[in-house]
Each structure stands twice: as C-alpha cells, then as structure tokens.
Amino acid sequence: MLIRNETTADIPAISRLVTEAMLLLPQSTGTEARIVEMLRAEHALALSLVAEEQGEVIGYLAASAAWIGTQGGWGLIGPLAVLPSRHRQGIGTALMAEAVRRLRTTSRGAALVGDPAYYGRFGFRSFPGLSVAGCPPEVVQALPFDDIEPRGELLHHPAFGLE
Ligand SMILES: CC(C)(COP(=O)(O)OP(=O)(O)OC[C@H]1O[C@@H](n2cnc3c(N)ncnc32)[C@H](O)[C@@H]1OP(=O)(O)O)[C@@H](O)C(=O)NCCC(=O)NCCS
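Numbering (the working numbering), first residue to last: 6 to 168.
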C-alpha cells in the first residue's frame, strides 16, 4: 500500500469512496464528498492523501486550515474514509500517521471531529472549552504540537457548512 498525494485522475474514485464509506456512519450527512470537492475547488485542501493499492484508491484523508477561537494555524483532519471492504487492515491508521507527520511541519496542531474511541490512539483528546456548535464536546478533539491548550470554537472552512 502506498500513501501519496491525490492526482487529478483520483478525483472520481475519491468522491465515490468517501460517499460509500460515510454511508456507514449514522451521523453522515451524505455531503462529505461534496465538501471535499468544494475544498478542492477553493484550493483549501492542505492535505489530500490517498491510500493506493494495485492502482486502486482504497483510502482517503483530507486536511484543511482551521482556527480554534482566535488562534489560526491548526490543521483540521477530515473526512477520513476507507473502502468498507478494506476496513481493519491498518489503512486508516497509515493515513492518519502520514497526515500527522506532515501537519507537524506546517501547523501548530491537528484537530478533528470524530469518535474518540478511534482517534484517541493517535493522541487526540478533548479539551475544556474546545467546541463545535451542535456537537457533543467529547467528539471535538485536538492534538497540539506544543504545550498550548486549545480553547474555543474549532472553526472549519465554510465548505463544511457549519456556520
Ligand atoms: C474509521 C475508519 C476510517 C477506520 O479505518 P480502518 O482502515 O478500518 O482503520 P484501521 O484498520 O487503521 O484501524 C482499525 C482499528 O480501529 C478500530 N476502529 C475502527 N473504527 C472505529 C470506531 N469508530 N471506534 C473505535 N474503534 C474503531 C477497529 O476496531 C480497529 O481496532 P484494532 O486494530 O484494535 O482491531 C473506517 O472504518 C471508515 O472509513 N469508516 C467509515 C467512515 C468514518 O467513520 N470515518 C471517520 C469519520 S470521523
């Protein structure tokens, strides 16, 4: 398996994969592929990583710039999606490891909204006062790369439609 940047040729497969994987999530809005497309159109994809095996896109991770409160410089991870037939084979872990490795060189920390049972293994955790409107606080998590505790609302790119 190879983790690499997306190419133009990957775009249809990424949209299909994100749609298919997100259907498994009860909280899915069905718009996740569209969010990726909007981020791409606005040149807002700080990371757009695919996991490829034998020429097939089997996993995908996006990251975009975010603010926490008044503090910029955060890398927001999401969506992360693995082809359902390929779950539990370490693909999500490989994508997350590469994303965090890259964000360490460009960002003050990484942040995301997701299941703490999954993201805790990568060092993500919730913080008092770290929030996203309408989300339970435990799903809003960050991995600061310095000693400064994130505090305030995690502000996504407008493509996420959270405003
Ligand atoms: C979540 C997802 C990306 C994980 O990808 P994956 O390649 O299957 O993950 P990995 O193989 O690297 O890791 C699997 C491990 O994570 C665990 N895991 C997977 N999803 C989990 C979840 N929601 N909560 C807790 N643990 C989870 C598995 O039990 C497994 O644990 P083990 O190694 O102890 O057996 C994938 O299941 C997926 O695409 N799901 C649908 C979309 C989604 O939920 N995206 C994340 C949105 S926040």
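A virtual CB, placed ideally from N, CA and C, is assigned to each residue, including glycine.
- Collapsing the DSSP output to three states places Ile-40 in a helix.
- Between ligand 1 and the CB of Met-6, the shortest heavy atom gap is not smaller than 7 angstroms.
- Sorting Pro-89, Leu-117 and Ser-90 by C-alpha distance to the C-alpha of Trp-79 places Leu-117 at the top.
- The alpha-carbon of Glu-158 is positioned some 29 angstroms away from that of Asn-10.
- Distances from the CB of Val-62 to the heavy atoms of ligand 1 are all 7 angstroms or more.
- Annotation: Phe-127 to Glu-103 spans about 11 angstroms, alpha carbon to alpha carbon.
- Distances between the C-beta of Leu-30 and the heavy atoms of ligand 1 include at least one below 7 angstroms.
- Rounded to the nearest whole angstrom, the C-alpha separation of Ala-138 and Thr-111 is 26 angstroms.
- Assigned with DSSP and collapsed to three states, Arg-126 falls in helix.
- By the CB criterion at 8 angstroms, Arg-109 and Phe-150 fall inside the cutoff.
- Straight through space, the alpha carbons of Ala-46 and Ile-96 are spaced by roughly 26 angstroms.
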